[in-house]
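Anchor point for the sequence shown: position 147 equals 865 in the working numbering, and the numbering is continuous, going up by one each time. Below is one structure, written out as structure tokens; the observations come after it.
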Amino acid sequence: MKILAIETSCDETAAAVVEDGRRVLSSVVHTQIEEHRLYGGVVPEIASRRHTEQINQVVKKALADAGLALEGIDAVAVTAAPGLIGALLVGVNFAKGLALASGKPLIPVNHLRGHIAANYIAYPTLKPPFLCLVVSGGHTHIIDVADYTHFQVLGRTRDDAAGESFDKVARSIGFPYPGGVHMDKVSGQGNIHAYTFPHPKVEGSAYDMSFSGLKTAVINLVHNASQKGIALCREDIAASFGHTVASILCEKLFLVQQQTGREQIVAAGGVSANSQLRAMLTAECEKRGLSLYLPPLALCGDNAAMIGAQAYYEYQAGNTADSSLNAMATMSIDRSFAEY
Ligand code: KG4
Ligand code: ZN
């Protein structure tokens, strides 16, 4: 089954053709990062406009790269939640138009389910059940993936997402948006023990996390130093901060692992590209005798191939939509579109 997938939830206009959930026939990503960088973050109105301008050619290129015309695909999939509402609507409306014009089924996909499915592309034998750490710019979840379409969130951040805290700390030490990747690049030249940053405590759940207090502690350190004219070493801050974030994520993830007994660990989302996190996950899984699946770097960030991969399993489960489908800015990963 060949699925044409569309992704426009944030600042990437993407389209891909994926066969049977695992084989990528084409994948096109048009990023808007350079333009949003001028403003230090994603400007929703600009994102929607650029998606509108780009989507036609991005979809055409994805079909052409796969050597297919619209008649050659079996279904149209689209990220319908969560994300920037104006940005999502561009993809959802385009996909609805394509599905209607071609008479093909329409498959709505949750963006976070898509991030997890990026691993099905990279690891053809990977199957649920597994425990997944989803770390992106907007979400930080520890999710039990019981089946391809059954998810349970066991731990989550109570405030900032890990990626958001990376970007805000990066900005305070002068890195351009999105700063996570710049922090990662210089962290190897810094000392992880140069600073001791707090591991925020969260009341009520042993598995929930918090990154807001940690982020504020680093930003305060930077501001105080600059007021006193003290020069700080960016590499040391990046190394110590990255180490702290990775430690918090791993501590919670492996607590949940002990409770669930799942033996396959999977990572997903933009922050799963982080080298300190990848190294710590690798070491911890090795120590505990667990199998670890890390998405290749090209599949960590937003793309449509991951949406096409998940769409295949949504289709198998009967999760299609008609032209009444609407985009939603927020949606829990354990809910299905049919419930709305
Ligand atoms: O999954 P993603 O591409 O978009 C969302 O769905 O949010 O994640 C983007 C986030 C940004 O916050 C970005 O700074 C972060 O992932 N990120 C990283 C790295 N690469 C991307 N954070 C830390 N280290 C990286 N290497
Ligand atoms: Zn994403």
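Idealized CB from N, CA, C, for every residue including glycine. None of the values given here were measured: they were computed from a predicted structure.
Helix, strand or coil for Asp862? Go by DSSP, reduced to three states. The count along the sequence shown starts at 1 and reaches residue 862 at position 144. Reduced to three states, the DSSP call for Asp862 is strand.
Give the straight-line distance between the Cα atoms of Ile721 and Ala805, rounded to the nearest whole angstrom. For the purposes of this step, residue 721 is taken as the residue at position 3 of the sequence shown. For the purposes of this step, residue 805 is taken as the residue at position 87 of the sequence shown. Roughly 21 Å separates the two Cα atoms.
Starting from Pro762 and walking both ways along the alpha helix (DSSP H), at which residues does that stretch end? As a working note, residue 762 is residue 44 in the sequence shown. That run of the alpha helix (DSSP H) goes 762–783.
The ligand ZN and Asp1020: does the residue's C-beta get closer than 7 Å to at least one heavy atom of that ligand? Counting from 1 along the sequence shown, the entry for residue 1020 is found at position 302. Yes, Cβ of Asp1020 sits closer than 7 Å to a heavy atom of the ligand ZN.
Close Cβ partners of Gln982 (< 6 Å) along its chain, the five nearest in sequence each way excluded: Indexing the sequence shown from 1 puts residue 982 at position 264. Once the five neighbours on either side are set aside, the close Cβ partners of Gln982 are Phe848, Ser1009.
Cα-Cα separation, Gly881 to Pro896: Along the sequence shown, one-based indexing puts residue 881 at 163. Along the sequence shown, one-based indexing puts residue 896 at 178. The straight-line gap from Cα to Cα measures roughly 9 Å.
If we call anything under 8 Å between Cβ atoms a contact, is Ser923 one with Asp877? Taking the sequence shown and counting its residues from 1, one reaches residue 923 at position 205. Taking the sequence shown and counting its residues from 1, one reaches residue 877 at position 159. In this structure, Asp877 does not lie closer than 8 Å to Ser923 by Cβ.
Where are the alpha helix (DSSP H) runs, 4 residues long or more, that stay fully inside the region 817–900, in chain order? 829–840, 880–890
Closer than 7 Å: is that where the CB of Gly988 sits relative to any heavy atom of the ligand KG4? Your numbering for residue 988 matches position 270 in the sequence shown. Answer for Gly988: yes, Cβ within range of the ligand KG4.
Please state if the CB of Met927 and the CB of Thr978 are separated by a distance shorter than 8 Å. In the sequence shown, residue 978 corresponds to position 260, counting from 1. In the sequence shown, residue 927 corresponds to position 209, counting from 1. No, Cβ-Cβ distance for Thr978 and Met927 is not below 8 Å.
8 Å Cβ cutoff met for Asp1105 and Ala732: A question about residue 1105 goes unanswered here, because the residues of the chain that appear run from 719 up to 1058.
Compute the Euclidean distance between the alpha carbons of Thr1048 and Pro800, then round it to the nearest angstrom. Here the question's residue 1048 lines up with position 330 in the sequence shown. Here the question's residue 800 lines up with position 82 in the sequence shown. Cα-Cα distance, rounded: 5 Å.
If we ignore side chains and look at the alpha-carbon of each, how far apart do Asn828 and Val989 end up? Here residue 828 refers to the residue found at position 110 of the sequence shown. Here residue 989 refers to the residue found at position 271 of the sequence shown. Between the alpha carbons of Asn828 and Val989 lies a distance of about 18 Å.
What would DSSP say about Glu730, mapped onto helix, strand or coil? The sequence position of residue 730 within the sequence shown is 12, counting from 1. Note: Glu730 maps to strand in three-state DSSP.
If you draw a straight line from the alpha carbon of Val887 to that of Val936, how long is it in whole angstroms? In the sequence shown, residue 887 corresponds to position 169, counting from 1. In the sequence shown, residue 936 corresponds to position 218, counting from 1. Taking the straight line joining both Cα atoms gives about 7 Å.
How far does the alpha helix (DSSP H) with Thr1000 in it extend, from its first residue to its last? Along the sequence shown, read from residue 1 onward, the residue named residue 1000 stands at position 282. Per DSSP, Thr1000 belongs to the alpha helix (DSSP H) from 993–1006.
Is the Cβ-Cβ distance between Glu1004 and Cys968 less than 8 Å? Against the sequence shown, residue 1004 aligns to sequence position 286. Against the sequence shown, residue 968 aligns to sequence position 250. Result no, Cβ atoms of Glu1004 and Cys968 do not sit closer than 8 Å.
For the beta strand (DSSP E) containing Val746, name the first residue and the last one. Along the sequence shown, one-based indexing puts residue 746 at 28. Where Val746 is concerned, the enclosing beta strand (DSSP E) stretches over 741–749.
CA-to-CA distance, His911 to Ser958, given in whole angstroms: Within the sequence shown, numbered from 1, the residue matching residue 958 stands at position 240. Within the sequence shown, numbered from 1, the residue matching residue 911 stands at position 193. Their Cα atoms are separated by approximately 6 Å.
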